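Enquirer:
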Ligand SMILES: *[C@@H]1O[C@H](CO)[C@@H](O)[C@H](O)[C@H]1NC(C)=O
Ligand SMILES: *[C@@H]1O[C@H](CO)[C@@H](O)[C@H](O)[C@H]1NC(C)=O
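In the UniProt record's numbering, the protein residues as written are 1 to 302.
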């Protein structure tokens, strides 16, 4: 039995060109690993070859060039404590990933008695984060023919979100020319920045707009907001300007008359030789009366 198995193994080894060695050799299934936040992920550190029964296994996390222990002296430590475990032979299972886990992880295995007594393997982990509800800015009212930009942005998503815009629950095609329905619209969408720019607003561009932020981890959207597009009312504007001019003229005429009247009445108040010219600086003048008292009198300021 045992002999048969040994023969089979030897045949297998010769097929694979495998030479049993007395050194530590590590391997991983993935050097670059993506995980979704709050989901488990296993970083594999497979021991290809070793002769010691009891190797020393360590995991380190390297973030911004600074290493810290994750697995040391047979236990999980650091910020992965209570969130990770070691799976035979040396895999690191993170039970509930967080965005802060995005880093490089180094599996180190040492077997003092082996010929090649140390090996390490570096795995980079990136944790995807769902976008949050983007902040959207949609003007309430715009005028036909003017340009306008609608904006949409969120900063949590990782990798960075891509943006899509919807009008009345229908997605705006990236290129309006690609759809007969939107062919006359002058907008352009920047999927990276979330901007929806109209070169010239048309009546048909009015509607309820919302934007969606999306990445590999998920998506989120802002509530729909109504944008109205108004015609330029030439007659209305003309009448408004006329009304404003008329109002201004009436006020000026009124002020002119009041001023004249004011000068006339102040002249009537001052008889005799004690009249002094009104002080120009504060619009309040003091006229000295015969008795030596001060008399206070206001005058017009223009
Ligand atoms: C994962 O961690 C977050 C907080 O970091 C917590 O809200 C959530 O409940 C955890 N999920 C599981 C499955 O433990
Ligand atoms: C686009 O404009 C053309 C020419 O003005 C017009 O014939 C066509 O009906 C318009 N299409 C839409 C979808 O508004």
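We treat Cβ as the ideally placed atom computed from N, Cα and C, and that holds for glycine. On a predicted model such as this, the values are computed, not experimentally measured, just so you know.
Ligand 2 and residue 176: does the residue's C-beta get closer than 7 Å to at least one heavy atom of that ligand?
Expert: no
Enquirer: Assign residue 42 to one of three DSSP states: helix, strand, or coil.
Expert: strand
Enquirer: Which full runs of the beta strand (DSSP E) of 3+ residues lie inside the region 191-259, going along the chain?
Expert: 195-198, 207-215, 218-221, 225-230, all fully within the region 191-259.
Enquirer: Cβ of residue 36 versus every heavy atom of ligand 1: is any distance shorter than 7 Å?
Expert: no
Enquirer: Flag this pair as yes or no: are the beta carbons of residue 132 and residue 229 separated by less than 8 Å?
Expert: The answer is no: Cβ separation not under 8 Å.
Enquirer: Just tell me which of 255, 25, 207, 247 has its CA closest to the CA of residue 115.
Expert: 25
Enquirer: What does the alpha-carbon distance come out to for the pair residue 106 and residue 126?
Expert: 14 Å
Enquirer: With DSSP collapsed to three states, give me the class of residue 101.
Expert: helix
Enquirer: What are the uninterrupted segments assigned as beta strand (DSSP E) that are 3 or more residues long and contained completely in the region 113-164, given in chain order?
Expert: 118-128, 135-137, 141-143, 148-153
Enquirer: Relative to the C-alpha of residue 194, which candidate in 84, 151, 47 has its C-alpha closest?
Expert: The closest CA to that of residue 194, considering only 84, 151, 47, is found on 151.
Enquirer: Does ligand 1 have even one heavy atom less than 7 Å from the beta-carbon of residue 51?
Expert: no
Enquirer: Using the rule of at least 16 other Cβ atoms within 10 Å of the residue's Cβ for burial, across every protein chain shown, is residue 203 buried or exposed?
Expert: exposed
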